[in-house]
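K.L.:
Per our numbering: the sequence shown = residues 2 to 447.
All C-beta atoms in this analysis are idealised placements derived from N, C-alpha and C, irrespective of residue type, glycine included.
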Amino acid sequence: MTSRHADLDLLLAAYRGKVPWREIVRWRRRHLLDLCPGCAMPSEVFAAYLRDRAGADPACRAWGYAAAAAGLVSLEEAFQGDLPAVRRELRILRRTAPERRERRVRRGLTRYRSPLLAVALIEEARGRLRRKPAEALGWLAAAGAVVNRAASDVISRDHLAPLRDIKLRIRAHEANALRVAGDLPAAEAAFSALHRTLERGEPPAIAVTAELASLEASLRLDQRRLPEAEALLERAAAFYRREGDEKGLAKVVMQRGMVLRIAGDAQRALPCFETAIEATDPDADPELAISPRHSLVLCLCDLGRPEDARALLDRYRPLYHRLDLPLAPLWLAWAEGKVAAGLGEDEAALEHLRTARDGYTERGLEFDAALVCLDLAEVHLCRAETAEVKRLAERMATAFADRGVDREAARAVALFHRTALAEAITLELIARTRTALLRAPRVGGA
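(1) So, with DSSP's three-state summary, where would you put K248?
(2) Quick one: is E288 buried, meaning 16 or more other Cβ sit within 10 Å of its Cβ, or exposed?
(3) Quick one: Cα of A447 to Cα of A329, how far?
(4) Just reading off the alpha helix (DSSP H) that L299 is part of, what are its end residues?
(5) If we require 4 or more residues per run, which alpha helix (DSSP H) segments fall completely within the region 339-398?
(6) Under a Cβ-count criterion, where at least 16 other Cβ atoms within 10 Å of its own Cβ denotes burial, should H196 be classed as buried or exposed?
(7) State the DSSP-derived secondary structure class of G445, mapped to helix, strand or coil.
(8) By Cβ distance, which residues of its chain are closer than 6 Å to S153, with the 5 residues on each side in sequence left out?
(9) Which one of D282, V414, R318 has the shortest CA to CA distance from A370?
(10) Please classify T3 as buried or exposed, where buried requires at least 16 neighbouring CB atoms within 10 angstroms.
(11) From V373 to A341, what does the alpha carbon distance come to, in whole angstroms?
(12) In chain order, what residues of the same chain have a beta carbon less than 6 Å from the beta carbon of M255, not counting five sequence neighbours either side?
(13) When burial is assigned at 16 or more other CB atoms within 10 Å of the CB, is D83 buried or exposed?
(14) Could you tell me which uninterrupted alpha helix (DSSP H) segments, each at least 4 residues in length, are contained entirely in the region 207-235, listed from first to last along the chain?
(15) Take the Cβ of R158 as the centre, count every other Cβ of all protein chains shown within 10 Å, and call the residue buried at 16 or more, exposed below.
(16) Considering only their Cβ atoms, is the gap separating L233 from A218 smaller than 7 Å?
(17) Do F192 and A211 have their C-beta atoms within less than 7 Å of each other?
(18) Can you look up D10 in the DSSP assignment and give me helix, strand or coil?
(19) Give the DSSP-derived three-state secondary structure of G145 in the structure shown.
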């Protein structure tokens, strides 16, 4: 966190109950430590004392929670001595069968009680989210079991705030895993329950508030509740800026770009993706880095700049190949197809787009497959291949039948189908159908 003065906005936020007062103490402490080495010394000695006492006498772990709850130290400082055990326990849990992992934590007597282990388990879940959301939920359940065990070390309810923050993070990531798995109603219910929990206690730490808002914004984005998503992203951005969290801020800027592109404003989305690219490192986090780069390529295609999109895609292609994600080859094929179509390379465009369409269809991602079908229809229409356009329209109509899709999207697909059969399709109608699909809520894992 960068050194900043505790400004009036921060104090008012605490006064109005938007951030806890312990955050004011923490802010003041970090600010003073940055400015004065003399103040840093007793603080470091205090943190070391807590670590040593907690390591020598488990009964003294309560002191660490009390100090963290007051904002005098962070959990990382109070329990840094746990790190060797955390690494060892994490290795054991990675080797444990998924169905036994949570049970192993709950049955542990003196182990699996560090708050730092709970945080590490959240990160394990995040690393598996895109590939196996169900497995991510298992890791989060294990993290919850660790927090419950850690709570037995706390001697006062007033000292539970740091653990409550971790529990809130776990519940938000559980909701997000349900979203990624395509169960939007369950994700909505999970976030509603989380809000009820938030109403019953003090607000979480600044960093946690930002993370919760960002995760909920992802759900609102999938639901295409764009104004709500944008409001949550503004909230998350304000808190990430206050924390000086560049990585968190980059993700929020990326999400805002997605909101703008879905809303049809590719021009304003462009700088969002460019800013997110500057703040992400492909070597440090390739999965985070690919999103703004892929979106920027598509955005340039939307704006009729295929030459610029091709130059960027040539630069980013190795990153697509490095990703160990099942959808990464489809993202690349779709981007290659859109760029080739924009450059008039019809045969290459059709080959890449068919690869993307078939891959999305095999995975049951009908919304994405339909969007690729529209790109294919555009190429075939420009080649006056009306029979191919009809086949694509039939495919889309069949895929969307009885799927309970958004009403506007269903109407758009039905109109596209009827117009294709009448051989009256235009590029404008394809564009309108694409907009309707982009704005439709994601369902069924789409």
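P.N.:
From the atom records:
(1) By one-based count along the sequence shown, residue 248 stands at place 247. The answer is helix: DSSP assigns K248 an H, G or I state.
(2) Here the question's residue 288 lines up with position 287 in the sequence shown. By the 10 Å Cβ count, E288 comes out buried.
(3) Within the sequence shown, residue 447 is the residue found at index 446, counting from 1. Within the sequence shown, residue 329 is the residue found at index 328, counting from 1. Residue confidence for A447 is low, a pLDDT of 37 falling below 50, so the modelled location carries little weight and cannot support an answer.
(4) As a working note, residue 299 is residue 298 in the sequence shown. Here the alpha helix (DSSP H) through L299 covers 287-303.
(5) 347-363, 367-383
(6) Position 195 of the sequence shown, counting from 1, holds the residue named residue 196. Burial call: exposed.
(7) Residue 445 sits at position 444 when you count from the first residue of the sequence shown. Low local confidence applies: a pLDDT of 44 at G445 is under 50, so the model's placement there is unreliable, and no value is given.
(8) The residue given as residue 153 occupies position 152 in the sequence shown. If we look at S153 and ignore the five residues flanking it on each side, it has no Cβ neighbours.
(9) In the sequence shown, counting from the first residue as 1, residue 370 sits at position 369. Of the candidates D282, V414, R318, the one whose C-alpha sits nearest the C-alpha of A370 is V414.
(10) In the sequence shown, counting from the first residue as 1, residue 3 sits at position 2. Note that T3 scores a pLDDT of 47, beneath 50, so its modelled location is shaky; the value from the coordinates is reported in the next line. By the 10 Å Cβ count, T3 comes out exposed.
(11) Mapped onto the sequence shown, residue 373 falls at position 372. Mapped onto the sequence shown, residue 341 falls at position 340. Roughly 13 Å separates the two Cα atoms.
(12) Residue mapping note: residue 255 aligns to position 254 of the sequence shown, counting from 1. Around M255: A277, S292, P293.
(13) What you label residue 83 is simply residue 82 of the sequence shown in a count that begins at 1. Buried, since its Cβ has 16 or more Cβ neighbours within 10 Å.
(14) 207-223
(15) On the sequence shown, residue 158 is found 157 positions in, with the first residue counted as 1. R158 is exposed by the Cβ-count criterion.
(16) Here residue 218 refers to the residue found at position 217 of the sequence shown. Here residue 233 refers to the residue found at position 232 of the sequence shown. Contact flag set, yes.
(17) In the sequence shown, the residue the question calls residue 192 occupies position 191. In the sequence shown, the residue the question calls residue 211 occupies position 210. No. Outside cutoff.
(18) Here the question's residue 10 lines up with position 9 in the sequence shown. The answer is helix: DSSP assigns D10 an H, G or I state.
(19) Against the sequence shown, residue 145 aligns to sequence position 144. Of the three classes helix, strand and coil, the one that applies to G145 here is helix, per DSSP.
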